[in-house]
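Sequence positions in the sequence shown follow the numbering used here and run 247 to 563.
Ideal Cβ placement from N, Cα and C applies to all residues, glycine included.
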Amino acid sequence: MTFPDGTSGPQAADDPPTTRLTPIRPDTRPPGASSYGTFGSPAQGAYGSTAQGTYGSTAAAAGPAPEAGGRARRRGKRTALLLAAAVLAGALGGVAYGYFEQAGNPPTPLPPLNQPGLAHPDKPLPAGEAEPLSAAQDRRVKTDGDLRELLVSRPDGTVDAEIDIGGEGRGWLAPYEVAADTGAPEEVLTFMLENGLRRTAFTAWRNEGDTESVVMINLYQFRNDATAGSVDYLENQQLYSSLGPGGRVPAVSLKGSADGMAYFPEEPFQEAGVPPLYQGMAIARRGDIVMEIYQIESSPLEQKDLKKLAERQLERL
């Protein structure tokens, strides 16, 4: 047993046996260097790699090193997963940093209102409701009333036409009646209801002369609250009307409307046992109302007649 002053003496019975300690090699690296190397260097390995071990473990817990001459274990899939996790962590970290950085900043003051002085009447208004606006001041005064009153009158020399849906003359069409006159009633009914169809007014007339002619006008009014139903319906109908069996259908614009069009298919409609029928269609929108006009004749129809009728109906809206 060796004492601190260098003298030795007999070892006590309860003293533990002396172990031989291996001398530690002095550290010759410059100050500031770490035995782990720089972050991400081969000495340390990538974050979460085998050299470092899992988070919170030691390098010794990663398992024994392969023997000399042996093949190292491939880490391709693990490395790819780690890279993907690193990208995701970086993106989430950037979002979190931006949120907390912005949350720590003082709120930006709002600019002052551009109304430094509000004008008030000299005398208070009389009690009671204000007088309603006229139709010239508020368009909805007309459109919220009886929609049938906005339909044009049938020309002289014609009689009310009876149609399969709605009855004869002028009246109302329920949504299911509108859909029943199409090739896909369920889909059309769903489309109309989802787009907020409010009500539909119609009128129809016919004449029986040298040329048999039938005209039908529909006014579709949409709610236009959650969705712009009138716009969606107009665009769908115009797309449908512009395509025919032979390609594009000739069309002309309507005066007084930014998006109104009239379509004139060149080929007549033919069905067994029925003479050829020539068709024309005009469609336009004014606010929450979509106007559709169908004209069917037993001889080629005049484009100017349908255009004139459509422009008259637009004026009433």
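**Message:** For the beta strand (DSSP E) containing A556, name the first residue and the last one.
**Reply:** Taking the sequence shown and counting its residues from 1, the one referred to as residue 556 is at position 310. Run containing A556: none in the beta strand (DSSP E); it sits in the alpha helix (DSSP H), Q549 to R562.
**Message:** So, for S459: in the same chain, excluding its five sequence neighbours on each side, which residues have a beta-carbon less than 6 Å away from its beta-carbon?
**Reply:** Along the sequence shown, read from residue 1 onward, the residue named residue 459 stands at position 213. Excluding sequence neighbours, S459 sits near N453 and E543.
**Message:** Give me the DSSP bridge partner(s) of L419.
**Reply:** Mapped onto the sequence shown, residue 419 falls at position 173. Looking at the DSSP assignment, L419 forms a beta bridge with T446.
**Prompt:** Expressed to the nearest angstrom, what Euclidean distance is found between the alpha-carbon atoms of D505 and R531?
**Reply:** Reading the sequence shown from its first residue, position 259 is the one you call residue 505. Reading the sequence shown from its first residue, position 285 is the one you call residue 531. Roughly 7 Å separates the two Cα atoms.
**Request:** Would you please verify whether the beta carbon of G519 is less than 8 Å from any beta carbon of chain C?
**Result:** In summary, chain C is missing from the structure at hand, where a single protein chain is found.
**Secondary structure of R475, DSSP reduced to three states** = Here residue 475 corresponds to residue number 229 of the sequence shown, with the count starting at 1. Checking the sequence, you will find Gly at residue 475 rather than Arg. Note: G475 maps to helix in three-state DSSP.
**Message:** On the CB-based measure, 16 or more other CB atoms within 10 Å of its CB, does L552 come out buried or exposed?
**Reply:** Locating residue 552 in the sequence shown gives position 306, counting from the first residue. The residue in question, L552, is buried, as its Cβ has 16 or more Cβ neighbours within 10 Å.
**Request:** Specify whether the region 531-541 and the region 460-478 touch according to this definition: at least 3 beta carbon pairs, one from each stretch, less than 8 Å apart.
**Result:** yes
**Message:** Assuming F468 is part of the beta strand (DSSP E), what are its boundary residues?
**Reply:** As a first step, residue 468 must be located in the sequence shown, where it is residue number 222. E458 to F468 is the span of the beta strand (DSSP E), which, as asked, contains F468.
**Message:** Would P448 and L480 be called neighbours here (beta carbons separated by less than 8 Å)?
**Reply:** Along the sequence shown, one-based indexing puts residue 448 at 202. Along the sequence shown, one-based indexing puts residue 480 at 234. Here the sequence assigns Phe to residue 448, which means Pro is not the residue at that position. In this structure, L480 does not lie closer than 8 Å to F448 by Cβ.
**Request:** Identify every residue that forms a DSSP beta bridge with P489.
**Result:** The sequence position of residue 489 within the sequence shown is 243, counting from 1. The sequence shown places Leu at residue 489, rather than the Pro named in the question. DSSP lists R494 as partners of L489.
**Request:** Can you give me the Cβ contacts of Q549 inside the same chain, cut-off strictly under 8 Å, excluding the 5 residues immediately before and after it?
**Result:** Working through the sequence shown from its first residue, we reach residue 549 at position 303. Excluding residues within five positions, the ones whose Cβ falls inside 8 Å are V498, A508, F510 and G526.
**Request:** Just the C-alpha distance for R562 and Q467, rounded to the nearest angstrom, thanks.
**Result:** As a first step, residue 562 must be located in the sequence shown, where it is residue number 316. As a first step, residue 467 must be located in the sequence shown, where it is residue number 221. Near 14 Å, if we compare the C-alpha coordinates of Q467 and R562.
**Prompt:** Rounded C-beta distance between L396 and K388? I'm assuming under 8 Å.
**Reply:** Against the sequence shown, residue 396 aligns to sequence position 150. Against the sequence shown, residue 388 aligns to sequence position 142. Sure, about 7 Å apart at Cβ, within 8 Å.
**Asked** Which one or two residues does DSSP pair with F515 in a beta bridge?
**Response** As a working note, residue 515 is residue 269 in the sequence shown. In DSSP, F515 forms a bridge with L523.
**Item:** Given N564 as reference, the closest of R444, L485 and G374 once Cα atoms are compared
**Value:** This structure does not reach residue 564, given that the chain is present from 247 up to 563, and the question cannot be answered.
**Sequence-distant residues of the same chain with beta carbon closer than 8 Å to Y522, five excluded per side** = Residue numbering aside, residue 522 sits at position 276 when the sequence shown is read from its first letter. Inspection of the sequence shows that residue 522 is occupied by Pro rather than by Tyr. Contacts found: P514, F515, Q516 and S544.
**Message:** Closest to D402 by C-alpha separation, out of D427, A425, W451 and T436, would be which residue?
**Reply:** Here residue 402 refers to the residue found at position 156 of the sequence shown. Comparing Cα positions, the closest option is W451.
**Coil, strand or helix - V405 by DSSP** = In the sequence shown, the residue the question calls residue 405 occupies position 159. Three-state DSSP puts V405 in a strand.
**Message:** Beta-carbon within less than 8 Å of L500's beta-carbon, same chain only, minus the 5 sequence neighbours each way: which residues are those?
**Reply:** Numbered from 1 along the sequence shown, position 254 holds the residue referred to as residue 500. Here the set comprises G506, M507, A508, A528, A530, K553, A556, E557 and L560.
**Request:** Could you name the residues of the same chain whose beta carbon sits closer than 8 Å to that of E414, not counting the 5 residues immediately before and after it, in chain order?
**Result:** Here residue 414 refers to the residue found at position 168 of the sequence shown. Result list for E414: D406, A407, E408 and A450, in chain order.
**Message:** Using 8 Å for Cβ pairs, my map puts D390 next to N441. What's the rounded Cβ distance?
**Reply:** As a position in the sequence shown, residue 390 is number 144, starting the count at 1. As a position in the sequence shown, residue 441 is number 195, starting the count at 1. Between N441 and D390 the Cβ distance is about 19 Å, and since that is not below 8 Å, they are no contact.
**Asked** Which stretch, first to last residue, makes up the alpha helix (DSSP H) that contains V536?
**Response** The residue given as residue 536 occupies position 290 in the sequence shown. First-last for V536: I535 to E543, but that is the beta strand (DSSP E), not the alpha helix (DSSP H).
**Message:** As a quick exercise: from S503, T473 and L393, pick the residue whose alpha carbon is nearest that of R416.
**Reply:** Taking the sequence shown and counting its residues from 1, the one referred to as residue 416 is at position 170. Measuring from the Cα of R416, the nearest candidate turns out to be L393.
**Item:** Local conformation of E432 per DSSP, three classes
**Value:** What you label residue 432 is simply residue 186 of the sequence shown in a count that begins at 1. Helix.
**Asked** Mind checking G286: buried by the 16 CB within 10 Å criterion, or exposed?
**Response** Here residue 286 is taken as the residue at index 40 of the sequence shown, counted from 1. Note that G286 scores a pLDDT of 44, beneath 50, so its modelled location is shaky; the value from the coordinates is reported in the next line. Exposed, because fewer than 16 other Cβ atoms sit within 10 Å of the Cβ of G286.
**Whole-angstrom C-beta distance between L547 and Y524, which should lie under 8 Å** = Position 278 of the sequence shown, counting from 1, holds the residue named residue 524. Position 301 of the sequence shown, counting from 1, holds the residue named residue 547. So it is a contact: roughly 5 Å between Cβ atoms.
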